[in-house]
Every structure is written in C-alpha cells, then in structure tokens.
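**Q** Just passing along the structure, written as structure tokens.
Numbering (mature numbering (1 follows the signal peptide of the UniProt record, and there is no 0)), first residue to last: -18 to -1, 1 to 325.
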C-alpha cells in the first residue's frame, strides 16, 4: 500500500455553540445568556516533529461526536460525517457548562485495541474542563481550545517473500500460515500481551492475518497487512507449519511438530542521519537509526520484506542474527528508507 499526500486534518475552527436562556450561568457565577464554543487546534497534527519535510497522509474522518457536560442541557451530539455538519450544530438550553469533548472516529479517553478500526480513520480524542477563564464578557461566549490526539500508530507490511538467493531451499515442505504482531498492548493502559503460537495469535484478527500458502513458491505476498497499534515496539512474527527439511539439514521440532517462526529483531531507518534530532525523537528513532517505539499519529510502511531460510527458527522468537532488507516509509499520519533485522 503506497501512502502519500498530506495528512493535515484541515478542520480549523470547528465551531459549536451552546446557548442558555437562563438569567444566570452557574459556572463561575457569570450572569446572563452564554454560549459554549470549541476550537479544535491542528498544531499537533500538521507538524508533529517541528519543521518536518517528511510526507504526510490524510486522516479519514468518518464521524465526529461532540459531548457537552453541563448542569442543564448537556448531551452528546452526532455522529456528524463532515466538519461542515458539525459546525452547524448548536447546543440549546445550556446552563452551567462544565466540560467539552470531541471524539473523532470513535476516539475515547482510554481505548481498547479491538475497538480501533484498522486504517487511516485514526481514532482521536480531546476533552477540556470549561472554566470562567474561558469566558468572554463582550461576546458572552466560552471558547474552549481542544487539541485532539492520535491514539495509535498505523503499520503496513507488504510484499513479503521467500529469499532463496543464498542457495537451495532448506525445506522440503513448509506452509506460510500467516503473520501477527506479538507484544502488543490490547488496551491503551495495559502491559504488552505475548502470544506463544500461531493458534493463539490468529484468534485475534485485529493483530493477525492468515495466509495458508506454500512458502516455497516464493511469493511475494503483496498485502498490505495493516495494524493499528498503541505506542510501543510490537514484534512482527511470521508463522509456518508442515515443516520438513532436506536430508542435509537438521530441524529440531518445537512444542508443535513442524512449526516455525521468523521474527523481526530491529526496525532500522537507514536514512536516519538525514533527519533532525527533533524528527528522530518524534519518530521514535535512536542514535543507531533503530525504531525504539512506534509513535501514535504516524504511518510506518514496510515494503519488500525478504525472509531467508535461516531466519526461520523452531520457537516463537525465531532464529538469530539475520538481516532482512525492507523499504520503510514513515508518515504523520511521515518518508524514510530503512531495514529490519530478524531474530
């Protein structure tokens, strides 16, 4: 999947008005009718790492929900399918406004991974308390600044293939069962979850894709295989079964007879030196060019992963010390060439 273009959520000035016909607005003791207005800032979205020259990708806005908490008239409004539609909505009969929230694509204050739709429809959320400091006496309006935040990173893996450039294939038979992200957070505040087999991981379709093909055909398996993940460093794991090796090879069977795995050890950005220190930090890259954490709000593209036989081990951690070249592009919701290493 080739991702290009510009991501800037162009919703400057999303407006929402909450009017009260009461003589007294209870919040802060302010007298007279009042309105509540939200201004959604795009500063955190349009330039996530300062003056970046990295390419960007549009967030798909599928729905916007506005939620006003107030003594009188507080409610949820929406879903709206466009910025224009949300701009036209007015909360009426409001008194004592307390809190204002904007949810984009079903974003919540705290989310679970199974509630996140895979793709560019990024879940985003912002919420602020309404205080007397937000009130303008001249216009009798509360103006609340909201900065919606991304919840997930978006990972794409495409054109995965069997690399047979180092000689004859080690295997007489081998089936490519599928791939999954190991060590993911299933909820925003949770610790990472580790799967020990393809049978366990494949039950969670939000972080796995089934293939079921003869690995010796070489592929490529185009994909893209796409996953939204909470910030962290989950491990791409390729799973195999029905493994028998050629007479000149020895294969020590794992817990499940004939099962094998190839796992990514490092995600390496080869042109990290071309990025500023601020960009490297924003993208989760250390001084060796390795990604230490996938950051929320970025699209990470891995295209052309070639997997040699020696990358496939008989345990869930895969084999060791094998480098596999991949093309990596990173977009906020940002373009970097790079490599990965396999365990």
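Where a beta carbon is used, it is the ideal one built from N, C-alpha and C, also for glycine.
When burial is assigned at 16 or more other CB atoms within 10 Å of the CB, is residue 204 buried or exposed?
**A** Result: exposed.
**Q** Count the other CB atoms within 10 Å of the CB of residue 11; is the residue buried (16 or more) or exposed (fewer)?
**A** Low per-residue confidence applies at residue 11: pLDDT is 42, beneath 50, and the placement is therefore not dependable, though the value from the model is reported in the following sentence. By the 10 Å Cβ count, residue 11 comes out exposed.
**Q** Could you tell me which whole alpha helix (DSSP H) segments of length 4 or greater appear in the stretch 130 to 161?
**A** As far as the stretch 130 to 161 is concerned, it has no whole alpha helix (DSSP H) run of at least 4 residues.
**Q** Measure the CB-CB distance between residue 111 and residue 45 and report whether it falls below 8 angstroms.
**A** Cβ atoms of residue 111 and residue 45: not closer than 8 angstroms.
**Q** If you measure between the beta carbons of residue 198 and residue 273, is that distance less than 8 angstroms?
**A** Taking 8 angstroms as the Cβ cut-off, residue 198 and residue 273 do not qualify as a contacting pair.
**Q** Is any heavy atom in the ligand HEM found nearer than 7 angstroms to the beta carbon of residue 43?
**A** Here there are no bound small molecules, and the ligand HEM is not part of this structure.
**Q** Going by beta carbon distance, what residues of the same chain come within less than 7 angstroms of residue 201, once the five residues before and after it are set aside?
**A** Excluding residues within five positions, the ones whose Cβ falls inside 7 angstroms are 142, 143 and 144.
**Q** Taking contact to mean 3 or more Cβ pairs, one atom from each stretch, closer than 8 angstroms, check whether the stretch 276 to 285 and the stretch 131 to 140 are in contact.
**A** Yes, the stretch 276 to 285 touches the stretch 131 to 140.
**Q** Quick one: measure Cβ to Cβ for residue 192 and residue 179, integer angstroms, because I've assumed they're closer than 8 angstroms.
**A** Incorrect: roughly 14 angstroms between the Cβ atoms, too far for contact.
**Q** So, at 8 angstroms on beta carbons, what are the nonlocal neighbours of residue 115 in its own chain, with the 5 sequence-adjacent residues on each side left out?
**A** None.
**Q** Can you find the residues in the same chain that come closer than 8 angstroms, C-beta to C-beta, to residue 182, ignoring five residues on each side of it along the sequence?
**A** If we look at residue 182 and ignore the five residues flanking it on each side, it has no Cβ neighbours.
**Q** For residue 294, which option in 126, 261 and 218 has the closest C-alpha, if you only look at C-alpha atoms?
**A** Comparing Cα positions, the closest option is 218.
**Q** For the pair the stretch 113 to 129 and the stretch 92 to 100, tell me if three or more CB-CB distances fall below 8 angstroms.
**A** Contact fails: fewer than three Cβ-Cβ distances are below 8 angstroms.
**Q** Using the DSSP secondary-structure output, state which residues sit across from residue 177 in a beta bridge.
**A** Answer is none; residue 177 lacks a bridge partner.
**Q** Three or more C-beta pairs under 8 angstroms: does that hold for the stretch 255 to 272 against the stretch 228 to 238?
**A** Verdict: no, contact absent.
**Q** Quick one: any contact between the stretch 239 to 252 and the stretch 166 to 178, if contact means 3 or more CB pairs under 8 angstroms?
**A** Verdict: no, contact absent.
**Q** Which ranges does the beta strand (DSSP E) cover as unbroken runs of at least 3 residues, wholly within the stretch 157 to 241, from first to last along the chain?
**A** Listed in chain order, the complete beta strand (DSSP E) runs (minimum 3 residues) inside the stretch 157 to 241 are 190 to 196, 207 to 211 and 217 to 227.
**Q** Just the Cα atoms here: how many angstroms apart are residue 292 and residue 208?
**A** If you take the alpha carbons of residue 292 and residue 208, they lie about 25 angstroms apart.
**Q** Roughly how many angstroms lie between the CA atoms of residue 91 and residue 162, to the nearest whole one?
**A** Taking the straight line from one Cα to the other gives about 26 angstroms.
**Q** For a quick check, are the C-beta atoms of residue 48 and residue 56 less than 8 angstroms apart?
**A** No, these two residues do not count as a Cβ contact at 8 angstroms.
**Q** Where does residue 261 land, buried or exposed, given buried means 16+ other C-beta within 10 angstroms?
**A** Label assigned to residue 261: buried.
**Q** Tell me whether residue 257 sits in a helix, a strand or coil according to DSSP, three-state version.
**A** Note: residue 257 maps to coil in three-state DSSP.
**Q** Compute the Euclidean distance between the alpha carbons of residue 169 and residue 156, then round it to the nearest angstrom.
**A** Their Cα atoms are separated by approximately 34 angstroms.
**Q** Among residues of its own chain, excluding the 5 on either side of residue 377, which ones have a beta-carbon nearer than 6 angstroms to its beta-carbon?
**A** Lying outside -18 to 325, the shown extent of the chain, residue 377 is not represented and no answer is given.
**Q** Take the Cβ of residue 296 as the centre, count every other Cβ of all protein chains shown within 10 Å, and call the residue buried at 16 or more, exposed below.
**A** It counts as buried.
**Q** Spell out the partners DSSP gives residue 59 in its beta bridges.
**A** 48.
**Q** Alpha carbon to alpha carbon, what distance is there between residue 103 and residue 154?
**A** The straight-line gap from Cα to Cα measures roughly 43 angstroms.
**Q** Take residue 220 and list the residues in its own chain whose beta-carbon comes closer than 6 angstroms to its own, dropping the five residues that flank it on each side.
**A** Closer than 6 angstroms at Cβ, skipping near neighbours: 161 and 244.
**Q** If you draw a straight line from the alpha carbon of residue 5 to that of residue 76, how long is it in whole angstroms?
**A** Note on residue 5: pLDDT 36, under 50, position unreliable in the model; no value is reported.
**Q** So, with DSSP's three-state summary, where would you put residue 99?
**A** Reduced to three states, the DSSP call for residue 99 is coil.
**Q** Whose C-alpha, out of 276, 119 and 107, is nearest the C-alpha of residue 43?
**A** If we check each option's Cα against that of residue 43, 107 comes out closest.
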